[in-house]
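Asker:
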Amino acid sequence: MEIRMLGRLKQMIVKEFIQVFRDKRTRFILIGPPIIQMLVFGYAATYEIHHVPTAVVDLDHSQESRDLVSRFTSSPYFDVQRQLTDSRELGDLIEQGKATVGLEIHAGFAQQLRKGETAPLQVIVDATNSNTALIASGYISQIALGFARDYQQDRIYRIAPQLMEMMPSVTLEPRPWYNPGLSSRWFFVPGVIGSLTLVLVITLTAFAVVREREIGTLEQIMVTPIRPAEFILGKTLPFFLIGLFDVSLIAAVGSLWFKVPFRGQVPVLLTGVVLFLVCMLGVGLLISTVSSTQQQAMVTSFFYIMPAITFSGFGFPISTMPKWMQYITYALPLRYFLVVLRGTYLKGVGMDILWPEMAAMAGIGFALLTMAILRFHKALD
Numbered sequence: 089m090e091i092r093m094l095g096r097l098k099q100m101i102v103k104e105f106i107q108v109f110r111d112k113r114t115r116f117i118l119i120g121p122p123i124i125q126m127l128v129f130g131y132a133a134t135y136e137i138h139h140v141p142t143a144v145v146d147l148d149h150s151q152e153s154r155d156l157v158s159r160f161t162s163s164p165y166f167d168v169q170r171q172l173t174d175s176r177e178l179g180d181l182i183e184q185g186k187a188t189v190g191l192e193i194h195a196g197f198a199q200q201l202r203k204g205e206t207a208p209l210q211v212i213v214d215a216t217n218s219n220t221a222l223i224a225s226g227y228i229s230q231i232a233l234g235f236a237r238d239y240q241q242d243r244i245y246r247i248a249p250q251l252m253e254m255m256p257s258v259t260l261e262p263r264p265w266y267n268p269g270l271s272s273r274w275f276f277v278p279g280v281i282g283s284l285t286l287v288l289v290i291t292l293t294a295f296a297v298v299r300e301r302e303i304g305t306l307e308q309i310m311v312t313p314i315r316p317a318e319f320i321l322g323k324t325l326p327f328f329l330i331g332l333f334d335v336s337l338i339a340a341v342g343s344l345w346f347k348v349p350f351r352g353q354v355p356v357l358l359t360g361v362v363l364f365l366v367c368m369l370g371v372g373l374l375i376s377t378v379s380s381t382q383q384q385a386m387v388t389s390f391f392y393i394m395p396a397i398t399f400s401g402f403g404f405p406i407s408t409m410p411k412w413m414q415y416i417t418y419a420l421p422l423r424y425f426l427v428v429l430r431g432t433y434l435k436g437v438g439m440d441i442l443w444p445e446m447a448a449m450a451g452i453g454f455a456l457l458t459m460a461i462l463r464f465h466k467a468l469d
């Protein structure tokens with residue numbers, strides 16, 4: 089009995105692989121887009137800003153004002169494209185979107201510094217993109233504070249050089265853990281691995297079953313001796329293996345191309361991948377039970393995929409979301425998988441730390457797969 093079941097299951101799996109790989113476009117979709125999207129997202133998804141369009145109005149024309157402007161000119165974060173003579177031009181450039189940051193140095197800037205007074209620097213930032221404005225403001229503060237510190241030390245050295253040795257100072261030496269260079273790419277690349285895996289496995293599973301129903305081959309298969317459980321297993325197992333292959337491919341590109349370190353243990357990561365794939369197979373199969381056509385499957389998949397990625401912590405910290413939204417994230421497997429990916433890649437933690445995420449994915453995967461199988465049985469009846 090078991091031998092017959094294994095024989096029917098084998099034939100079902102072979103059929104699925106033949107159906108997937110006989111089409112050139114399908115073969116390309118399984119390999120090409122994941123690699124391309126990993127490269128695109130790896131470069132595009134970043135919190136870092138460089139070469140922010142900047143305009144300067146220097147109304148002081150002193151050595152001090154030129155020194156301050158030169159610090160912005162030499163910074164990789166700002167691109168001083170225009171040096172204006174009228175404050176009204178500065179406002180016009182920012183309104184037209186030709187400048188994101190505007191600096192205005194008032195007349196008397198150097199004179200106030202020489203008297204030991206506070207010299208104001210007016211900064212105008214286009215906050216249409218609040219993230220860029222916030223980061224740019226931080227860089228501006230660092231440059232301005234660095235200029236003030238250097239000017240103060242130089243002034244004291246000229247007036248009373250003997251005080252320089254007696255003045256106490258506090259030196260900040262940051263030591264970031266797990267990401268010493270504070271590269272946002274190290275944060276985003278593991279997230280892209282999880283997001284691409286989610287999209288790929290859900291669409292493949294949902295579309296494959298719906299396609300069978302749409303073209304009428306599902307009824308032909310069900311009149312054969314194959315059982316519903318064997319049909320479901322034969323449909324999902326090939327996509328599980330394909331998903332496993334694509335995860336390995338995407339992870340290799342992320343690690344080798346973007347130089348993201350992998351500090352963890354392969355068995356721990358593999359366990360997380362297997363549990364996440366089971367969850368996504370359950371979602372894809374569940375979508376197939378509520379969709380009659382491929383168009384319906386596409387819309388339903390999109391309805392799940394976008395919130396799943398948004399609420400997973402892929403780009404925005406879950407802690408900053410409203411409390412009631414944070415509760416929703418506990419039902420999303422991608423939330424836990426991203427913790428496993430970033431934990432194994434960057435922190436090198438093991439199962440003793442990640443077991444709550446593993447247990448959560450196992451529970452969600454079992455529930456999703458059970459619901460999908462029950463609904464699929466009902467749909468077949």
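Going letter by letter, the sequence shown gives residues 89 to 469 in this note's numbering. Cβ atoms here follow ideal geometry from the backbone N, Cα and C, with glycine treated the same way.
#1: In terms of residues, what are the limits of the beta strand (DSSP E) holding residue 179?
#2: To the nearest angstrom, how far is the alpha carbon of residue 177 from that of residue 138?
#3: Is the beta carbon of residue 377 sitting closer than 9 Å to the one on residue 463?
#4: Decide if residue 452 is buried, meaning its Cβ has at least 16 other Cβ atoms within 10 Å, or exposed.
#5: Give a yes or no on contact between the region 440-460 and the region 415-431, applying the rule of three or more CB pairs nearer than 8 Å.
#6: Going by C-alpha distance, which of 231, 353 and 299 is nearest residue 164?
#7: In terms of DSSP beta bridges, what is residue 143 paired with?
#8: Looking at the secondary structure, which residues open and close the beta strand (DSSP E) in which residue 211 lies?
#9: Give the single residue among 458, 110 and 123 whose Cα lies nearest to the Cα of residue 321.
#10: Please classify residue 271: does DSSP put it in a helix, a strand, or coil?
#11: Using a threshold of 9 Å, state whether the C-beta atoms of residue 147 and residue 183 are closer than that.
#12: Alpha carbon to alpha carbon, how far is residue 370 from residue 456?
#13: Going by C-alpha distance, which of 156, 441, 359 and 349 is nearest residue 236?
#14: Could you pull the start and end residues of the alpha helix (DSSP H) that residue 148 belongs to?
#15: So, using beta-carbon positions, are residue 401 and residue 423 closer together than 9 Å?
#16: Spatial neighbours of residue 228 within its chain, please: CB distance less than 6 Å, with the 5 preceding and 5 following residues excluded, ordered by chain position.
#17: Does the pairing of the region 119-130 with the region 159-174 give three or more beta-carbon distances under 8 Å?
#18: Roughly how many angstroms separate the alpha carbons of residue 385 and residue 391, rounded to a whole number?
#19: With 16 as the cutoff for other CB atoms within 10 Å, does residue 375 come out buried or exposed?
#20: Which of helix, strand or coil does DSSP assign to residue 265?
#21: By the 10 Å Cβ neighbour count, where 16 or more other Cβ atoms means buried, how is residue 265 classified, buried or exposed?
#22: Using the three-state DSSP reduction, which class does residue 453 fall into: helix, strand or coil?
#23: If you draw a straight line from the C-alpha of residue 397 to the C-alpha of residue 403, how long is it?
#24: When burial is assigned at 16 or more other CB atoms within 10 Å of the CB, is residue 258 buried or exposed?
#25: For residue 339, which option in 217, 440 and 277 has the closest C-alpha, if you only look at C-alpha atoms?
#26: Could you pull the start and end residues of the alpha helix (DSSP H) that residue 411 belongs to?
#27: Return the residue from the list 151, 136, 418 and 281 that minimises the CA-CA distance to residue 166.
#28: So, for residue 285: in the same chain, excluding its five sequence neighbours on each side, which residues have a beta-carbon less than 6 Å away from its beta-carbon?
#29: Please return the same chain residues whose Cβ sits closer than 7 Å to the Cβ of residue 366, not counting the five positions on each side in sequence.
#30: Please name the residue, chosen from 122, 324, 162 and 332, that lies closest to residue 294 on a Cα-to-Cα basis.
#31: By how many angstroms is the C-alpha of residue 347 removed from the C-alpha of residue 461?
#32: Less than 9 Å between the beta carbons of residue 181 and residue 333, yes or no?
Answerer: With the structure as the only source:
#1: The residue you call residue 179 lines up with position 91 of the sequence shown. Element bounds for residue 179: not the beta strand (DSSP E) but the alpha helix (DSSP H), 175-183.
#2: Taking the first residue of the sequence shown as 1, we reach residue 177 at position 89. Taking the first residue of the sequence shown as 1, we reach residue 138 at position 50. Whole-angstrom Cα-Cα distance: 24 Å.
#3: Against the sequence shown, residue 377 aligns to sequence position 289. Against the sequence shown, residue 463 aligns to sequence position 375. Cβ atoms of residue 377 and residue 463: closer than 9 Å.
#4: Along the sequence shown, one-based indexing puts residue 452 at 364. Its Cβ being crowded by 16 or more others within 10 Å, residue 452 is buried.
#5: yes
#6: As a working note, residue 164 is residue 76 in the sequence shown. Comparing Cα positions, the closest option is 231.
#7: The residue you call residue 143 lines up with position 55 of the sequence shown. BP columns for residue 143 point to 170 and 190.
#8: Looking up residue 211 in the sequence shown gives position 123. Note, residue 211: beta strand (DSSP E), 209-213.
#9: As a first step, residue 321 must be located in the sequence shown, where it is residue number 233. Ranking the options by Cα distance to residue 321, first place goes to 458.
#10: Counted from its first residue, the sequence shown places residue 271 at position 183. The answer is coil: DSSP assigns residue 271 none of H, G, I, E or B.
#11: Numbered from 1 along the sequence shown, position 59 holds the residue referred to as residue 147. Numbered from 1 along the sequence shown, position 95 holds the residue referred to as residue 183. The answer is no: Cβ separation not under 9 Å.
#12: Along the sequence shown, one-based indexing puts residue 370 at 282. Along the sequence shown, one-based indexing puts residue 456 at 368. Looking at the two C-alpha atoms, the distance is approximately 5 Å.
#13: As a working note, residue 236 is residue 148 in the sequence shown. Out of 156, 441, 359 and 349, 156 has the C-alpha closest to the C-alpha of residue 236.
#14: Translated into positions along the sequence shown, residue 148 becomes position 60. Counting along the chain, residue 148 falls outside any alpha helix (DSSP H), and DSSP gives it neither H nor E.
#15: Here residue 401 refers to the residue found at position 313 of the sequence shown. Here residue 423 refers to the residue found at position 335 of the sequence shown. Going by C-beta atoms, residue 401 is nearer than 9 Å to residue 423.
#16: On the sequence shown, position 140 is the one that residue 228 refers to. 211, listed in sequence order.
#17: no
#18: Counted from its first residue, the sequence shown places residue 385 at position 297. Counted from its first residue, the sequence shown places residue 391 at position 303. Rounded to the nearest angstrom, the two C-alpha atoms are 10 Å apart.
#19: Start at 1 with the first residue of the sequence shown, and residue 375 comes out as number 287. With 16 or more Cβ atoms within 10 Å of its Cβ, residue 375 is classed as buried.
#20: Looking up residue 265 in the sequence shown gives position 177. Three-state result, residue 265: coil.
#21: Here residue 265 is taken as the residue at index 177 of the sequence shown, counted from 1. Per the 10 Å Cβ criterion, exposed.
#22: If you number the sequence shown from 1, residue 453 lands on position 365. Three-state result, residue 453: helix.
#23: The residue labelled residue 397 in the question sits at position 309 within the sequence shown. The residue labelled residue 403 in the question sits at position 315 within the sequence shown. Looking at the two C-alpha atoms, the distance is approximately 8 Å.
#24: The residue given as residue 258 occupies position 170 in the sequence shown. Its Cβ having fewer than 16 others within 10 Å, residue 258 is exposed.
#25: Taking the first residue of the sequence shown as 1, we reach residue 339 at position 251. Comparing Cα positions, the closest option is 277.
#26: By one-based count along the sequence shown, residue 411 stands at place 323. First-last of the alpha helix (DSSP H) with residue 411: 411-417.
#27: To locate residue 166, count along the sequence shown from 1; it is residue 78. Of the candidates 151, 136, 418 and 281, the one whose C-alpha sits nearest the C-alpha of residue 166 is 136.
#28: To locate residue 285, count along the sequence shown from 1; it is residue 197. Hits under 6 Å: 335.
#29: Numbered from its first residue, the sequence shown carries residue 366 at position 278. Closer than 7 Å at Cβ, skipping near neighbours: 453 and 457.
#30: For the purposes of this step, residue 294 is identified with residue 206 of the sequence shown, where counting begins at 1. Checked all of 122, 324, 162 and 332; the closest Cα to residue 294 is 324.
#31: Stepping through the sequence shown from its first residue, residue 461 is reached at position 373. Stepping through the sequence shown from its first residue, residue 347 is reached at position 259. Rounded to the nearest angstrom, the two C-alpha atoms are 41 Å apart.
#32: Residue 181 sits at position 93 when you count from the first residue of the sequence shown. Residue 333 sits at position 245 when you count from the first residue of the sequence shown. Contact: no.
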